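Numbered according to full-length UniProt numbering, the sequence shown terminates at residue 461, and the numbering increases by one at each position without gaps.
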Amino acid sequence: MEKENIAVGLDIGTTKIVAMIGKKNEYGKLEILGVGKSKSLGVARGVVNNITQTIQSIQQAINEAESNSGYKIKDVVVGIAGQHIRSIQHTDYISRSNPEEVIGGNDIQLLIDQVNKLAMLPGEEIIHVLPQEFKIDGQSEIKEPIGMYGGRLESSFHVVVGQASSIRNVGRCIQSSGIELSGLTLEPLASSDAVLSQEEKEAGVALIDIGGGTTDLAIFKDGIIRHTAVIPFGGNVITDDIKEGCSIIEKQAELLKVKFGSAWPGENKDNEIVSIPGLRGREPKEISLKNLSKIIHARVVEIIEQVFNEVKAYGHEDPRKKLIAGIVLTGGGAQLKHIKQLVEYITGMDTRIGYPNEHLAGNSDEEFSSPLYATAVGLVMNSICNNTQSAIRKEEVVAQKAVYYREPVVEVVEQYQQEVQEVQTQVPVFSKKEESTGEKIKRSFFDRYVDKIKDFLDNAE
1 MEKENIAVGL
11 DIGTTKIVAM
21 IGKKNEYGKL
31 EILGVGKSKS
41 LGVARGVVNN
51 ITQTIQSIQQ
61 AINEAESNSG
71 YKIKDVVVGI
81 AGQHIRSIQH
91 TDYISRSNPE
101 EVIGGNDIQL
111 LIDQVNKLAM
121 LPGEEIIHVL
131 PQEFKIDGQS
141 EIKEPIGMYG
151 GRLESSFHVV
161 VGQASSIRNV
171 GRCIQSSGIE
181 LSGLTLEPLA
191 SSDAVLSQEE
201 KEAGVALIDI
211 GGGTTDLAIF
221 KDGIIRHTAV
231 IPFGGNVITD
241 DIKEGCSIIE
251 KQAELLKVKF
261 GSAWPGENKD
271 NEIVSIPGLR
281 GREPKEISLK
291 NLSKIIHARV
301 VEIIEQVFNE
311 VKAYGHEDPR
321 KKLIAGIVLT
331 GGGAQLKHIK
341 QLVEYITGMD
351 TRIGYPNEHL
361 AGNSDEEFSS
371 PLYATAVGLV
381 MNSICNNTQS
391 AIRKEEVVAQ
401 KAVYYREPVV
411 EVVEQYQQEV
421 QEVQTQVPVF
431 SKKEESTGEK
441 IKRSFFDRYV
451 DKIKDFLDNA
461 E
């Protein structure tokens, strides 16, 4: 029987962690098989700052997704973001030994591998090397060089770089949750796959993904990624401002933002008031909706202006770089009332809210069409493109004895000994193609993790 191509994406956000299992149906749409969601503990502004809490949150999301789908997760494609992410433009070339042979995929890979060897700042690691336009023997503006003849193959690249320690911390959490890391994807790139059309990417578009801890930007023009950025502010700072400005607790501030919040203060009348319960028998507190909107407005303006500065830095005002399709907003922050109108007012660009429903099968739960799930949907699509077999049916696991394990945060020595024996007998399966950066990271994580268990046992003795 032909194996199903089951894909799994894991969105490790600041406010929530989402594990999504899916596959492509006969119509080429994404069929969601199961979703698990947990409150994100141990992540701040897109970066892991507490390994133990993050592992617990990941395990909770994974367990829920497995329970809802009937599948056992083996590996995941993970989204990465955070203030440590930066992008650079780089041009490189190779000289081909035989110009009489047509250019093939191996030549492109050779060029990408060469860029992957670039010297970064201390402590940094390359996450993505994304080719843009190619040149062959001086002939420029070539989008697809495969099948052409030439001796000198040159390309401009968009290189995404991140802090090595932050990347490894994410991998450590994945491994310790009992699953493998099959790939890393910059979160705005995943979101763009889920909510942007090819026509928008050709015309020129800026995707703004407003998450809990970060606001991510990806700019496309002529179907090519041109600029990426991560702003270290998101919906959480709006909640914090409401908490401070209204002298209420965080839970109430979040509820006010979601239920009554607006990015446009003019919409609320002065006499519109919402009453919230007092703490421990205290009198209820009355909050003016106009004041609430003013607090939200001030912070959203600051976030959008920072993002728009990145758009201007890309060169949007240059007629050749103009973003004809305007702006697409997605992420949880895109659900804020009147945010579309405010973004249009600040930037002067056409704006729409991006929903991932275009790629979802018709029978999908309406909840997953929300901008909240854009990154998770994009990560599953990314996993599908990699032809991964990231999950298997639970009955198959029983039939062939599972070799994957889940490491609880606290465990007795006897259980560690049993796991080490399993790990030592297990041979990791890697594809025959040249290793990507993600695969190298995954392999080094695995080796270090086994060593950690051995050290633990040695010390315990």
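No residue lacks a Cβ here, since even glycine has one placed at the ideal position from N, Cα and C.
Everything numeric in this text was worked out from a predicted model, so none of it was measured.
- Take the alpha-carbon of I384 and the one of I55: they are about 25 Å apart.
- Within the same chain, Cβ atoms closer than 8 Å to the Cβ of N5 are found at K23, K24, I384, N387, T388, Q389, the five residues on either side in sequence being excluded.
- Counting along the chain, L289 sits inside the alpha helix (DSSP H) bounded by residues 289-314.
- Taking a cut-off of 8 Å for Cβ pairs, the stretch 213-221 and the stretch 316-335 touch, as three or more such pairs fall below it.
- A Cβ-Cβ distance of about 5 Å is found for the pair E187 and T375, placing them in contact under the 8 Å criterion.
- In this structure, DSSP gives F260 a helical state, which the three-state scheme calls helix.
- Approximately 7 Å separates the beta-carbon atoms of E133 and K143; this is inside 8 Å, confirming the contact.
- For S156, the secondary structure class from DSSP, reduced to helix, strand or coil, is strand.
- Look at S182 here: in three-state DSSP terms it is strand.
- Pairing F368 with M20 gives a Cβ-Cβ distance under 9 Å.
- Here DSSP, grouped into helix, strand and coil, assigns E31 to strand.
- I287 and I273 have their C-alpha atoms roughly 5 Å apart.
- Where P131 is concerned, the enclosing beta strand (DSSP E) starts and stops at 124-136.
- Here the alpha carbons of V300 and A206 stand approximately 17 Å from one another.
- A Cβ-Cβ contact shorter than 9 Å links I88 with V161.
- The C-alpha of P145 lies about 24 Å from the C-alpha of I127.
- The three-state reading of DSSP puts F220 in strand, counting E and B together.
- By the CB criterion at 9 Å, I249 and L292 fall outside the cutoff.
- When beta bridges are read from the DSSP output, M20 appears opposite G9, V35.
- For secondary structure counted as the beta strand (DSSP E) over 3 or more consecutive residues, the stretch 198-245 holds these complete runs in sequence order: 205-210, 215-221, 224-231.
- The beta-bridge partner set that DSSP reports for S275 consists of E286.
- For I353, the enclosing beta strand (DSSP E) has its first and last residue at 351-353.
- Rounded to whole angstroms, A7 and V380 show a C-alpha spacing of 6 Å.
- One alpha carbon belongs to G151, the other to D113, and they sit about 18 Å apart.
- With contacts defined by Cβ atoms closer than 9 Å, L329 and I208 form a contacting pair.
- Within a 10 Å sphere around the beta-carbon of L30 sit 16 or more other beta-carbons, which makes this residue buried.
- A Cβ-Cβ separation of about 16 Å leaves N169 out of contact with V76 under the 8 Å criterion.
- Contact between the stretch 91-102 and the stretch 32-52 is not established, with fewer than three Cβ pairs separated by less than 8 Å.
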